[in-house]
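Engineer:
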Amino acid sequence: NAGVTQTPKFQVLKTGQSMTLQCAQDMNHNSMYWYRQDPGMGLRLIYYSASEGTTDKGEVPNGYNVSRLNKREFSLRLESAAPSQTSVYFCASRMTALSYEQYFGPGTRLTVT
Amino acid sequence: KNEVEQSPQNLTAQEGEFITINCSYSVGISALHWLQQHPGGGIVSLFMLSSGKKKHGRLIATINIQEKHSSLHITASHPRDSAVYICAVLNSGGGADGLTFGKGTHLIIQP
Numbered sequence: 010n011a012g013v014t015q016t017p018k019f020q021v022l023k024t025g026q027s028m029t030l031q032c033a034q035d036m037n038h039n040s041m042y043w044y045r046q047d048p049g050m051g052l053r054l055i056y057y058s059a060s061e062g063t064t065d066k067g068e069v070p071n072g073y074n075v076s077r078l079n080k081r082e083f084s085l086r087l088e089s090a091a092p093s094q095t096s097v098y099f100c101a102s103r104m105t106a107l108s109y110e111q112y113f114g115p116g117t118r119l120t121v122t
Numbered sequence: 010k011n012e013v014e015q016s017p018q019n020l021t022a023q024e025g026e027f028i029t030i031n032c033s034y035s036v037g038i039s040a041l042h043w044l045q046q047h048p049g050g051g052i053v054s055l056f057m058l059s060s061g062k063k064k065h066g067r068l069i070a071t072i073n074i075q076e077k078h079s080s081l082h083i084t085a086s087h088p089r090d091s092a093v094y095i096c097a098v099l100n101s102g103g104g105a106d107g108l109t110f111g112k113g114t115h116l117i118i119q120p
């Protein structure tokens, strides 16, 4: 099993450009999450999806949209990137009903210039 | 919103020393995660605790639900233990909500 995978690993965008961060898990987990990690701050929740077909805002959703394409995949879209969105983005997943434990992807390092 | 505080923020120790990292949170939780992150690396789950104590090799995690406090201990520390250790909590209710994270403890073990 690959666990949680993310693409791309690195990305540089210019202000105003758009892009989609991809996340997939092969553990048949119900819930999936997008977090961002910034220096001097803990990871913060952007959006989450409790199950296929549902999404909810987290702590810092502004400037982002998400899609839960199917049970495996949860994508994060930046429609018009801003320098404040320079960060490391982590996707995670959890079985929900059976376990509290979250499994994390390797991260995507995004720089917006 | 749960507030998660970790201490110390930075810790440098000599190889072989016993290490303790502390985590306090402000409101009731379903469970608490201890995570490890190496420089430039991904995030790995070390423990998920709802009560009591867990041990994996040289790592020990404890939680006191009444005092809203958890500790992560490393015995016989080694330079490869150098990493950022992150405490994260899952709020009560056990729903699909995401975790609330501390800012991490940056640990350096010198040979």
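Line by line, the protein sequences give chains A and B.
Quick note: the first sequence uses my numbering, first residue 10, plus one each step.
Quick note: the second sequence uses my numbering, first residue 10, plus one each step.
The C-beta atom is built at its ideal place from N, Cα and C for all residues, glycine as well.
If we cut at 7 Å on Cβ distances, does alanine 40 (chain B) have a partner in chain A?
Structural biologist: Indexing the second sequence from 1 puts residue 40 (chain B) at position 31. So yes, alanine 40 (chain B) belongs to the interface.
Engineer: Just verifying my parser: in three-state terms, what is the DSSP assignment at serine 84 (chain A)?
Structural biologist: On the first sequence, residue 84 (chain A) is found 75 positions in, with the first residue counted as 1. If DSSP states are grouped into helix, strand and coil, serine 84 (chain A) belongs with the strands.
Engineer: Can you check which of these residues, B:Asn100, B:Asp90 and B:Pro48, is closest to alanine 22 (chain B) by C-alpha distance?
Structural biologist: For this step, residue 22 (chain B) is matched to residue 13 along the second sequence. Selected option, being the one with the closest Cα: B:Asp90.
Engineer: By a C-beta neighbour count over all protein chains shown, 10 Å radius and 16 as the cutoff for buried, is isoleucine 117 (chain B) buried or exposed?
Structural biologist: Counting from one through the second sequence, the residue named residue 117 (chain B) turns up at place 108. By the 10 Å Cβ count, isoleucine 117 (chain B) comes out exposed.
Engineer: For chain B, is any of its Cβ atoms less than 7 Å away from the one on tyrosine 42 (chain A)?
Structural biologist: On the first sequence, residue 42 (chain A) is found 33 positions in, with the first residue counted as 1. Interface residue, yes.
Engineer: Quick one: list the residues of chain A neighbouring leucine 99 (chain B), beta-carbon separation under 8 Å, in chain order.
Structural biologist: To locate residue 99 (chain B), count along the second sequence from 1; it is residue 90. Neighbours of leucine 99 (chain B) on chain A, chain order: Tyr109.
Engineer: What are the residues that DSSP puts in a beta bridge with serine 80 (chain B)?
Structural biologist: Walking along the second sequence from the start, residue 80 (chain B) turns up at place 71. Bridge partners of serine 80 (chain B): B:Asn31 and B:Thr71.
Engineer: Starting from methionine 50 (chain A), find everything on chain B with Cβ-Cβ shorter than 8 Å and list it in chain order.
Structural biologist: For the purposes of this step, residue 50 (chain A) is taken as residue 41 along the first sequence, with counting starting at 1. Within 8 Å Cβ-Cβ: Lys112.
Engineer: Note down the Cα distance separating serine 126 (chain A) from serine 89 (chain A), rounded to an integer number of angstroms.
Structural biologist: Because residue 126 (chain A) is not part of the residues shown, which for chain A are 10 to 122, the question remains open.
Engineer: Less than 7 Å between the beta carbons of isoleucine 38 (chain B) and valine 98 (chain B), yes or no?
Structural biologist: Your numbering for residue 38 (chain B) matches position 29 in the second sequence. Your numbering for residue 98 (chain B) matches position 89 in the second sequence. Yes, the pair counts as a contact, with Cβ atoms nearer than the cut-off.
Engineer: Report the three-state DSSP secondary structure of aspartate 90 (chain B) (helix, strand or coil).
Structural biologist: In the second sequence, the residue the question calls residue 90 (chain B) occupies position 81. Of the three classes helix, strand and coil, the one that applies to aspartate 90 (chain B) here is helix, per DSSP.
Engineer: Distance, Cα to Cα, cysteine 32 (chain B) vs serine 84 (chain A)?
Structural biologist: As a position in the second sequence, residue 32 (chain B) is number 23, starting the count at 1. As a position in the first sequence, residue 84 (chain A) is number 75, starting the count at 1. For cysteine 32 (chain B) and serine 84 (chain A), the distance between alpha carbons rounds to 32 Å.
Engineer: With 7 Å as the threshold, decide whether the Cβ of serine 60 (chain B) is near any Cβ in chain A.
Structural biologist: Locating residue 60 (chain B) in the second sequence gives position 51, where the first residue counts as 1. No, its Cβ sits nowhere closer than 7 Å to a Cβ of chain A.
Engineer: Does chain B have any CB closer than 7 Å to the CB of tyrosine 98 (chain A)?
Structural biologist: Within the first sequence, residue 98 (chain A) is the residue found at index 89, counting from 1. Answer no: the Cβ-Cβ gap between tyrosine 98 (chain A) and chain B never drops below 7 Å.
Engineer: Which chain E residues sit within Cβ distance under 7 Å of isoleucine 52 (chain B)?
Structural biologist: In the displayed structure, chain E is absent; the protein chains listed are A and B.
Engineer: Let me see if you follow: with CB-CB separation under 7 Å, is tyrosine 57 (chain A) close to chain B or not?
Structural biologist: Along the first sequence, read from residue 1 onward, the residue named residue 57 (chain A) stands at position 48. Yes, tyrosine 57 (chain A) lies at the interface with chain B (some Cβ there is under 7 Å from its Cβ).
Engineer: Closest to tyrosine 34 (chain B) by C-alpha separation, out of B:Lys77, B:His82 and B:Ile83, would be which residue?
Structural biologist: Stepping through the second sequence from its first residue, residue 34 (chain B) is reached at position 25. Of the candidates B:Lys77, B:His82 and B:Ile83, the one whose C-alpha sits nearest the C-alpha of tyrosine 34 (chain B) is B:Lys77.
Engineer: Return no unless some Cβ of chain B is closer than 7 Å to the Cβ of glycine 72 (chain A).
Structural biologist: Against the first sequence, residue 72 (chain A) aligns to sequence position 63. No, its Cβ sits nowhere closer than 7 Å to a Cβ of chain B.
Engineer: Whole angstroms is fine: what's the gap from asparagine 100 (chain B)'s alpha carbon to glycine 49 (chain B)'s?
Structural biologist: Along the second sequence, read from residue 1 onward, the residue named residue 100 (chain B) stands at position 91. Along the second sequence, read from residue 1 onward, the residue named residue 49 (chain B) stands at position 40. Looking at the two C-alpha atoms, the distance is approximately 28 Å.
Engineer: Within the 7 Å Cβ cut-off, does glycine 37 (chain B) reach chain A?
Structural biologist: Position 28 of the second sequence holds residue 37 (chain B). No - not a single Cβ of chain A is within 7 Å of the one on glycine 37 (chain B).
Engineer: Could you confirm whether any beta carbon from chain B is found closer than 7 Å to the beta carbon of leucine 87 (chain A)?
Structural biologist: To locate residue 87 (chain A), count along the first sequence from 1; it is residue 78. So, not an interface residue.
Engineer: Cα-Cα, which of A:Ala101, A:Gly62 and A:Pro92 is closest to leucine 52 (chain A)?
Structural biologist: Translated into positions along the first sequence, residue 52 (chain A) becomes position 43. Checking every option, the nearest Cα to that of leucine 52 (chain A) belongs to A:Ala101.
Engineer: Any idea what DSSP makes of serine 93 (chain A), helix, strand or coil?
Structural biologist: For the purposes of this step, residue 93 (chain A) is identified with residue 84 of the first sequence, where counting begins at 1. Residue state, collapsed to three classes: helix.
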